[in-house]
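Every letter in the sequence shown is one number past the one before it in my numbering, and letter 271, counting from 1, is 271.
Built from N, CA and C at the ideal position, the CB exists for glycine as well.
Read the structure below first, then the notes.
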Amino acid sequence: MGDARLYTFAFVVGVAWLVVKLMRIGRRDRALPPGPPTIPLLGNLHVLPRKFVFLKFSEWKKEYGGIYSLKLANATAIVLSDMRIVKELLDDRSSETSSRPYFYALEVLAKGFFFVLATSDNPVWRASRKSIQPFFSVQATDAHVRIMERESSVLLHDVLHNPNDLTSHIIRYTFSSITDLAFGKRVLKPDSPEILNFRSYIRTFAKAVSPEAAPVDLIPILRYVPDFLAPWMKLWCETQTQQRSLYFSFLDHAERTTGGGKEKSIIQTTLEQRRELGLTREMVAYTGGALLDAGTETIATTTRSLLLCLMSRPACLKKAQEEIDDLIGDKRLPLASDIDALPYIQALIKERLCPGIHFAGTSLNVAVMRLIWAFDFSLGDDFSGADRPWMLEDDYEDDMKGIALAPKEYFCKVTPRSAERAKVIEDCYNLYNNSDV
Ligand code: HEM
Numbered sequence: 001m002g003d004a005r006l007y008t009f010a011f012v013v014g015v016a017w018l019v020v021k022l023m024r025i026g027r028r029d030r031a032l033p034p035g036p037p038t039i040p041l042l043g044n045l046h047v048l049p050r051k052f053v054f055l056k057f058s059e060w061k062k063e064y065g066g067i068y069s070l071k072l073a074n075a076t077a078i079v080l081s082d083m084r085i086v087k088e089l090l091d092d093r094s095s096e097t098s099s100r101p102y103f104y105a106l107e108v109l110a111k112g113f114f115f116v117l118a119t120s121d122n123p124v125w126r127a128s129r130k131s132i133q134p135f136f137s138v139q140a141t142d143a144h145v146r147i148m149e150r151e152s153s154v155l156l157h158d159v160l161h162n163p164n165d166l167t168s169h170i171i172r173y174t175f176s177s178i179t180d181l182a183f184g185k186r187v188l189k190p191d192s193p194e195i196l197n198f199r200s201y202i203r204t205f206a207k208a209v210s211p212e213a214a215p216v217d218l219i220p221i222l223r224y225v226p227d228f229l230a231p232w233m234k235l236w237c238e239t240q241t242q243q244r245s246l247y248f249s250f251l252d253h254a255e256r257t258t259g260g261g262k263e264k265s266i267i268q269t270t271l272e273q274r275r276e277l278g279l280t281r282e283m284v285a286y287t288g289g290a291l292l293d294a295g296t297e298t299i300a301t302t303t304r305s306l307l308l309c310l311m312s313r314p315a316c317l318k319k320a321q322e323e324i325d326d327l328i329g330d331k332r333l334p335l336a337s338d339i340d341a342l343p344y345i346q347a348l349i350k351e352r353l354c355p356g357i358h359f360a361g362t363s364l365n366v367a368v369m370r371l372i373w374a375f376d377f378s379l380g381d382d383f384s385g386a387d388r389p390w391m392l393e394d395d396y397e398d399d400m401k402g403i404a405l406a407p408k409e410y411f412c413k414v415t416p417r418s419a420e421r422a423k424v425i426e427d428c429y430n431l432y433n434n435s436d437v
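Structure (structure tokens):
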């Protein structure tokens with residue numbers, strides 16, 4: 001009898017302890033900045049929107065100020081929405097704050113070799129960053145202008161001949177610029193297998209690392225669920241297969257084409273230095289592949305969004321075109337060296353901070369300058385299926401899951417601004433692409 005009571009007592013205490021422990025999951029610690037009220041286990045997960053979370057963040061800023069906290073089950077997120085606080089914490093005190101949370105989903109599916117978004121104490125991150133750094137300085141970007149000018153001449157030519165496929169042409173422009181820079185391989189057709197594979201892969205990738213598909217980073221205990229019970233495992237395997245096939249096919253190309261006096265790509269140079277850098281062949285493939293992932297959709301979606309904004313504000317488009325026309329006229333294409341003399345265009349394109357900042361800034365400027373120099377853009381009547389202005393919530397895609405904010409496919413009218421400009425496009429296309437400029 002005495003033993004039975006003891007066991008009952010121990011059981012009740014055990015259950016009570018477990019309940020208290022569970023009730024604490026999701027609770028905000030007193031030391032944290034304020035934030036929306038939490039509920040046990042989930043914290044604030046139940047009020048976090050599945051789409052366009054930054055809109056909710058702006059709303060919460062009004063209520064909780066420029067720095068507030070969110071409880072995501074057991075994890076904590078601090079949201080900074082005030083530039084003064086961002087500068088103080090991420091710039092002035094960067095030695096204390098500059099790292100990232102560990103990303104388990106990414107670590108597993110990319111076997112620990114994907115350096116973009118890795119933590120700064122990760123040796124692969126350090127070695128990969130060291131290998132790419134020399135190629136992304138301001139001076140190095142000046143040397144890569146040749147790539148952007150040549151690829152944008154193809155962009156203009158493609159748009160001139162097939163204006164309805166604007167999105168595909170822009171994606172080809174950014175993809176080929178980066179495959180050339182990283183692996184020394186151009187991709188000339190918007191429907192080439194490399195681009196179609198990349199577009200399919202990047203969507204699978206975005207889904208595979210999203211907390212919706214695999215909440216392992218929010219609820220770490222899920223890491224121990226056996227593979228056959230974890231639906232995200234299948235998605236991770238599929239993504240890994242697509243990712244490796246893409247990255248290694250470009251690596252093979254870089255290895256095959258090394259030598260012959262041609263300027264070396266980032267990956268050809270890295271392959272030569274890989275022992276000193278402490279990188280294996282596999283890690284080099286992931287370093288180059290990560291550049292494709294980091295640079296393609298980001299520049300393409302920014303260009304597409306910018307064109308959409310300009311079409312919605314025809315007066316701004318006109319002002320930008322006037323600035324270009326005053327400087328350049330219609331006898332030649334704008335060049336990267338014109339950017340500094342075009343302050344209005346520059347103001348339209350402001351980049352966020354990342355290693356690709358100079359490359360991205362120049363690539364965006366070259367594409368946008370040339371597109372609006374060459375063509376008039378206007379939104380078609382059936383752009384959104386209704387007579388209404390475009391809306392973020394309705395007209396932007398959700399399947400990039402926060403990796404890039406992409407407008408849905410939109411219909412717009414694109415017309416050459418003059419026969420003379422169309423001729424310049426044809427001439428430049430032939431010059432850049434039929435000779436080794
Ligand atoms: C409009 C264009 C671009 C935008 C908006 C953009 C944005 C970003 C953002 C938000 C990050 C994460 C930063 C962080 O967590 O600290 C990032 C990282 C990165 N981006 Fe970009 N990016 C763009 C273009 C590019 C290009 C063209 C490249 C190179 C080809 C590039 C290479 C990288 C790399 C290597 C990282 C990882 C840095 C690291 O792990 O330390 N980006 N980018």
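Distance, residue j Cα to residue i Cα
{"i": "Y344", "j": "E63", "result": "35 Å"}
{"i": "R275", "j": "M283", "result": "11 Å"}
{"i": "N197", "j": "A367", "result": "24 Å"}
{"i": "V209", "j": "R417", "result": "43 Å"}
{"i": "P226", "j": "L218", "result": "17 Å"}
{"i": "D252", "j": "Q240", "result": "18 Å"}
{"i": "L335", "j": "S153", "result": "11 Å"}
{"i": "H161", "j": "C316", "result": "26 Å"}
{"i": "S168", "j": "V15", "result": "58 Å"}
{"i": "G278", "j": "L271", "result": "11 Å"}
{"i": "G259", "j": "T269", "result": "11 Å"}
{"i": "F54", "j": "E393", "result": "12 Å"}
{"i": "T287", "j": "G184", "result": "14 Å"}
{"i": "S95", "j": "P231", "result": "38 Å"}
{"i": "N434", "j": "M391", "result": "43 Å"}
{"i": "L106", "j": "D158", "result": "36 Å"}
{"i": "I85", "j": "N122", "result": "27 Å"}
{"i": "A75", "j": "P220", "result": "9 Å"}
{"i": "D427", "j": "V138", "result": "29 Å"}
{"i": "Y104", "j": "L308", "result": "36 Å"}
{"i": "E88", "j": "T97", "result": "10 Å"}
{"i": "F250", "j": "H46", "result": "42 Å"}
{"i": "T204", "j": "K56", "result": "25 Å"}
Close beta carbons around residue i, own chain, < 6 Å, minus the five adjacent residues each side
{"i": "A294", "result": "V116"}
{"i": "W125", "result": "F115, A118"}
{"i": "K71", "result": "G26, R28, T38, G43, N44"}
{"i": "Q321", "result": "I372"}
Beta-carbon contacts of residue i that lie in its chain and below 8 Å, excluding the five residues immediately before and after
{"i": "G385", "result": "Residue confidence for G385 is low, a pLDDT of 48 falling below 50, so the modelled location carries little weight and cannot support an answer."}
{"i": "L181", "result": "F135, H144, I147, S265, I266, L291, F359"}
{"i": "S58", "result": "S81"}
{"i": "V437", "result": "Model confidence at V437 stands at a pLDDT of 48, short of 50, so the residue's coordinates are unreliable; what they give is reported in the following sentence. These residues qualify, in order along the chain: R146, R150, L431."}
{"i": "M311", "result": "L317, F377, S378, L379, C412"}
Neighbourhood of residue i by C-beta, 7 Å cutoff - its chain only, sequence neighbours within 5 removed
{"i": "Y68", "result": "P33, P34, G35, W60, V79"}
{"i": "A341", "result": "L327"}
{"i": "D376", "result": "T415, R417"}
Buried versus exposed call for residue i [16 or more other C-beta atoms within 10 Å across all chains shown]
{"i": "Y173", "result": "buried"}
{"i": "W236", "result": "buried"}
{"i": "M369", "result": "buried"}
{"i": "G2", "result": "exposed"}
{"i": "L155", "result": "buried"}
{"i": "P193", "result": "exposed"}
{"i": "C354", "result": "exposed"}
{"i": "N164", "result": "exposed"}
Ranges of the alpha helix (DSSP H) found wholly within the region 44–79, counting only runs of at least 4: If we require 4 residues or more, the alpha helix (DSSP H) runs fully inside the region 44–79 come out as 53–64.
Within the region 240–287, ranges of the alpha helix (DSSP H) (whole runs, at least 4 residues): Every alpha helix (DSSP H) stretch that sits fully inside the region 240–287 and reaches 4 residues is listed by chain position as 266–277.
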